[in-house]
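I have placed the structure first, in the form of C-alpha cells, so that the comments after it can refer back to it.
Residue numbers (the working numbering): 20 to 280.
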C-alpha cells in the first residue's frame with residue numbers, strides 16, 4: 020500500500036488506506052477472487068448476499084478466503100427489486116454475523132439495472148432506523164443523493180454508467196454537483212471499465228471508487244486489479260495536487276523574464 024495515512028478514507032467512523040472498493044462476483048472461483056482482491060489493495064469488499072455464499076458455514080464460504088478480520092465485508096442487496104426484499108436481505112446478512120454495513124441496491128429495471136430511487140429511499144429509511152450503515156447505489160442524480168443523505172445514509176454512491184457496461188463516467192457534471200453538495204463520502208459505483216475511468220473519478224474529487232466487472236471480467240483480473248489500485252492512487256494524488264486550469268490558447272512553459280532580445 021502506497022497511500023499515506025495522512026490522507027485516509029473515512030467512512031462511517033472507520034479509517035482506511037485504500038480508496039478502492041471491490042466486488043467478489045463473476046470470478047472463476049474463490050481462489051481467483053482472493054488473488055484479485057489482494058492485488059487491488061482494497062480493504063472493503065462487497066458481496067452479493069443472494070449470489071455468493073457468506074451465510075451458510077456448511078458450504079464453500081467466501082469468508083473462508085476473505086477473512087473478516089482482514090477485510091471490512093460489505094454485504095449488498097444485488098438482485099432485489101423491492102424495498103422489502105432489500106431490507107430482508109440486509110437483515111439476513113446481519114443475522115449471519117457479517118455486520119451492520121450494507122450496500123443498498125434496489126433495482127428498477129432488469130435490462131438497464133438502473134436503481135429504483137423511491138424504493139431505495141424507502142428501504143434506506145427502514146435500515147437506518149434499524150442501525151445499519153447504509154451505502155446506497157443510485158443514479159447520478161443530485162436530488163436523490165441529497166435525499167438519501169438527509170435520511171441518514173453514510174455515503175452516496177452514484178453510478179458512472181450502467182452496471183457492467185465499462186463506459187466510464189458519462190456525466191461528470193452531475194457528479195460534480197453531488198460532490199459540491201454532499202457532506203458524506205461520494206463513492207462512484209458501477210460503469211468503470213479500465214484504469215483511466217477510475218483515475219477520472221478520483222480526479223473529480225470522489226472519495227472512493229467501487230467496481231467489480233472491470234476487474235473480474237478482464238483477461239487478467241489480477242493484473243487489472245493492480246492497475247485499478249494504481250489508478251485510484253494516482254487520481255487521488257492528482258486531485259490533491261490541484262490541476263492547472265484549462266485554457267484555449269498556449270502558455271509558454273519556460274519563463275519569459277530575462278529572455279535575450
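The C-beta atom is built at its ideal place from N, Cα and C for all residues, glycine as well.
Just so you know, these numbers come straight off a predicted model, no measurement behind them.
A distance below 7 Å between beta-carbons, with the five flanking residues on each side excluded, links residue 45 to the following residues of its chain, in chain order: 231, 232, 235, 236.
Contact check between the segment 266 to 274 and the segment 72 to 84: fewer than three CB pairs, one atom from each, fall below 8 Å, which does not count as touching.
When secondary structure is reduced to three states using DSSP, residue 84 falls in the coil class, being assigned neither helix nor strand. Membership of residue 208 in the beta strand (DSSP E) is indicated by the continuous run 206 to 208. With fewer than 16 neighbouring CB atoms inside 10 Å of its own CB, residue 86 falls in the exposed class. Counting C-beta pairs with one atom in each stretch, the segment 132 to 142 and the segment 98 to 105 have three or more that are closer than 8 Å, which means they touch. A Cβ-Cβ separation of about 18 Å leaves residue 187 out of contact with residue 226 under the 8 Å criterion. Within the segment 166 to 193, no alpha helix (DSSP H) run of at least 4 residues lies entirely inside it. Three or more Cβ pairs closer than 8 Å define a contact, and the segment 242 to 255 meets that threshold against the segment 54 to 73.
Rounded to whole angstroms, residue 196 and residue 76 show a C-alpha spacing of 44 Å. Taking 9 Å as the cut-off, the beta carbon of residue 243 is found no closer than this to the beta carbon of residue 207.
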